[in-house]
Amino acid sequence: MSKIKARKGAPYARILGVGGYRPTRVVPNEVILETIDSSDEWIRSRSGIETRHWANDEETVAAMSIEASGKAIADAGIRAEQIGAVVVSTVSHFSQTPAVATEIADKLGTDKAAAFDISAGCAGFGYGLTLAKGMVVEGSAEYALVIGVERLSDLTDLEDRATAFLFGDGAGAVVVGPSEEPHIGPTVWGSEGDKSETIKQTVPWNQFRLGDVSKLPLDSEGNVKFPAITQEGQAVFRWAVFEMAKVAQQALDAAGITSDDLDVFIPHQANVRIIDSMVKTLKLPEHVTVARDIRTTGNTSAASIPLAMERLLATGEAKSGDTALVIGFGAGLVYAATVVTLP
Amino acid sequence: MAATQEEIVAGLADIVNEIAGIPVEDVQLDKSFTDDLDVDSLSMVEVVVAAEERFDVKIPDDDVKNLKTVGDATEYILKHQG
Numbered sequence: 001m002s003k004i005k006a007r008k009g010a011p012y013a014r015i016l017g018v019g020g021y022r023p024t025r026v027v028p029n030e031v032i033l034e035t036i037d038s039s040d041e042w043i044r045s046r047s048g049i050e051t052r053h054w055a056n057d058e059e060t061v062a063a064m065s066i067e068a069s070g071k072a073i074a075d076a077g078i079r080a081e082q083i084g085a086v087v088v089s090t091v092s093h094f095s096q097t098p099a100v101a102t103e104i105a106d107k108l109g110t111d112k113a114a115a116f117d118i119s120a121g122c123a124g125f126g127y128g129l130t131l132a133k134g135m136v137v138e139g140s141a142e143y144a145l146v147i148g149v150e151r152l153s154d155l156t157d158l159e160d161r162a163t164a165f166l167f168g169d170g171a172g173a174v175v176v177g178p179s180e181e182p183h184i185g186p187t188v189w190g191s192e193g194d195k196s197e198t199i200k201q202t203v204p205w206n207q208f209r210l211g212d213v214s215k216l217p218l219d220s221e222g223n224v225k226f227p228a229i230t231q232e233g234q235a236v237f238r239w240a241v242f243e244m245a246k247v248a249q250q251a252l253d254a255a256g257i258t259s260d261d262l263d264v265f266i267p268h269q270a271n272v273r274i275i276d277s278m279v280k281t282l283k284l285p286e287h288v289t290v291a292r293d294i295r296t297t298g299n300t301s302a303a304s305i306p307l308a309m310e311r312l313l314a315t316g317e318a319k320s321g322d323t324a325l326v327i328g329f330g331a332g333l334v335y336a337a338t339v340v341t342l343p
Numbered sequence: 001m002a003a004t005q006e007e008i009v010a011g012l013a014d015i016v017n018e019i020a021g022i023p024v025e026d027v028q029l030d031k032s033f034t035d036d037l038d039v040d041s042l043s044m045v046e047v048v049v050a051a052e053e054r055f056d057v058k059i060p061d062d063d064v065k066n067l068k069t070v071g072d073a074t075e076y077i078l079k080h081q082g
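So the protein lines, in turn, are chains F and U. Sequential numbering from 1 applies to the first sequence in the UniProt record's numbering. Sequential numbering from 1 applies to the second sequence in the UniProt record's numbering.
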């Protein structure tokens, strides 16, 4: 047996820069109401959403990611060639092979950075951040780029009154790099596959190839519907609020802090009611700034945490150096929570 | 000791008051959570979780949709409480 030499990276890792991209088209609830029987008041009271952004043909998953990443790289004060790995979390990039991360890494001008996609739904940002932290500390990348990007408008059933208003498009990215002190806490993460039915795609892609259209959903005009994301609202709400509050508390405990030490809370922007209920269940002190980017962004799955982070910093509601609790949770069911220092 | 019907209604009234801001005296057996008490489907989940803790009872998601009135919930808790 030969002795294998190990590599050592940085002592610790931190988020060095963040960037976001929101599609140019802003979609108010009135547009959603053209295809569902509901009201602006109902949508706002059940979700908090007033407007969301929907991508146009040019605003592809890759294009939005490149825009967000460019800002994150500039914010971090590094050059693209220094990035050793690009991790993209998405469930809405429809060309599965090759991974979209490779195109993004190339167009950003990285020097042949490792690049791959991951699928962890609305927990994707936390999963990617955990991978990036590991790479920086292990030494396989000095700097790693984590991107959460979605075009969920492509996976929205506009005739489903429970979800038609919910989803939005966008990209958020962070650069993770070396640090002399810990600025990303331990990740508390996991999966509950026994609850896989609560959030899912209506039909698998290969159902379209099998030729048996009787199993495919139809729209009101009898046309075959594209797959969409559906969810069992009450079950998801209960799990998200009460189970995820426990996970959030575990992340605080693992980082060795209490909610009194927190400056900012950035939960996945799933629904403002979930956010408000989590804040109550966690008994967060008044001084903690809570991200409620969902109002004007909708639920952008893997993109929601970095987008909300970027906006809080841009508006001055949060500042560089603040201590933030981030938690993502969603289809799987999967979750990931950690405490970070804001870039 | 298991709670009586009266105690359950009083407990539910406290919970609904806390979550939806409805006066406790308005929470009566024949009242519908959604139509009379301003408890929508998401608030109903909060009511259910609070009731589970208070009365040591498990109310699975599949059963929540059958609890239309305060009377339905009271009966359910009476039958299932630990």
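Positions of the beta carbon are idealized from the N, C-alpha and C atoms, including for glycine.
Inter-residue spacing [alpha-carbon to alpha-carbon] between residue i and residue j
i         : j         : result
Met44(U)  : Thr34(U)  : 8 Å
Ser32(U)  : Ala51(U)  : 16 Å
Val149(F) : Gly190(F) : 21 Å
Thr323(F) : Asp62(U)  : 39 Å
Ile257(F) : Thr130(F) : 19 Å
Ala114(F) : Glu142(F) : 12 Å
Glu18(U)  : Val247(F) : 24 Å
Gly109(F) : Val146(F) : 16 Å
Val272(F) : Asp293(F) : 9 Å
Gly48(F)  : Arg295(F) : 5 Å
Arg151(F) : Ala251(F) : 29 Å
Ala68(F)  : Asp30(U)  : 54 Å
Lys319(F) : His183(F) : 15 Å
Asp26(U)  : Thr74(U)  : 15 Å
Ile77(U)  : Ile8(U)   : 8 Å
Leu307(F) : Val264(F) : 14 Å
Asp111(F) : Ser89(F)  : 21 Å
Asp72(U)  : Val241(F) : 24 Å
Lys283(F) : Arg7(F)   : 43 Å
Asp157(F) : Asp38(U)  : 28 Å
Val49(U)  : Val57(U)  : 9 Å
Secondary structure of residue i, DSSP reduced to three states
i              : result
Ala99(F)       : coil
Asp212(F)      : coil
Val88(F)       : strand
residue 127(U) : Nothing in the structure corresponds to residue 127(U), since chain U is present only between 1 and 82.
Pro267(F)      : strand
Ser179(F)      : strand
Lys79(U)       : helix
Phe116(F)      : strand
Pro343(F)      : coil
Pro217(F)      : coil
Thr323(F)      : strand
Val203(F)      : coil
Gly20(F)       : strand
residue 356(F) : Lying before the first or after the last residue shown, residue 356(F) is absent from chain F, which here runs from 1 to 343.
Ile15(F)       : strand
Thr230(F)      : strand
Val9(U)        : helix
Thr315(F)      : helix
Gly222(F)      : coil
Ala336(F)      : strand
Thr4(U)        : coil
Val27(F)       : strand
Ile83(F)       : strand
Ala50(U)       : helix
Asn299(F)      : strand
Phe55(U)       : helix
Cβ distance (whole Å) where residue i is taken to contact residue j below 8 Å
i              : j         : result
Val174(F)      : Ala72(F)  : 6 Å
Leu155(F)      : Ile229(F) : 5 Å
Gly134(F)      : Val87(F)  : Between Val87(F) and Gly134(F) the Cβ distance is about 11 Å, and since that is not below 8 Å, they are no contact.
Pro285(F)      : Asp260(F) : 6 Å
Ala291(F)      : Leu312(F) : 6 Å
residue 355(F) : Glu138(F) : Past the edges of chain F, shown from 1 to 343, lies residue 355(F), and the structure says nothing about it.
Ala76(F)       : Gly168(F) : Not confirmed; about 26 Å, so no contact.
residue 344(F) : Val136(F) : Residue 344(F) cannot be examined here, being either before or after the span of chain F that is shown, 1 to 343.
Ser301(F)      : Gly121(F) : 6 Å
Leu166(F)      : Trp239(F) : Rounded, the Cβ-Cβ distance is 16 Å, inconsistent with contact.
Gln234(F)      : Ser41(U)  : 6 Å
Close Cβ partners of residue i (< 6 Å) along its chain, the five nearest in sequence each way excluded
i         : result
Glu232(F) : Thr198
His93(F)  : Val61 and Val100
Ile36(F)  : Arg161 and Ala164
Ser65(F)  : Ile104, Ile147, Val149 and Ala171
Val24(U)  : Ala13 and Asn17
Contacting residues, own chain, Cβ-Cβ under 7 Å from residue i (five flanking each side not counted)
i         : result
Met244(F) : Met278, Ile327, Phe329 and Tyr335
Asn66(U)  : Asp72
Cβ-based neighbour list, residue i, same chain, cut-off 8 Å, excluding 5 preceding and 5 following
i         : result
Gly321(F) : Thr341 and Leu342
Arg25(F)  : His53, Trp54, Ala55 and Asn56
Quick check on the DSSP output: what are the complete alpha helix (DSSP H) runs of length 4 or more inside the region 38 to 80 of chain F, in order along the chain?
40 to 47 and 61 to 76
Length at least 3, wholly inside the region 146 to 192 of chain F: the beta strand (DSSP E) runs in chain order
Taking 3 residues as the shortest admissible run, the region 146 to 192 of chain F contains the following complete beta strand (DSSP E) segments, listed from N- to C-terminal end: 169 to 179 and 188 to 191.
Ignoring anything shorter than 3 residues, give me the beta strand (DSSP E) runs that lie fully in the region 234 to 282 of chain F, in order along the chain.
Listed in chain order, they are 264 to 267.
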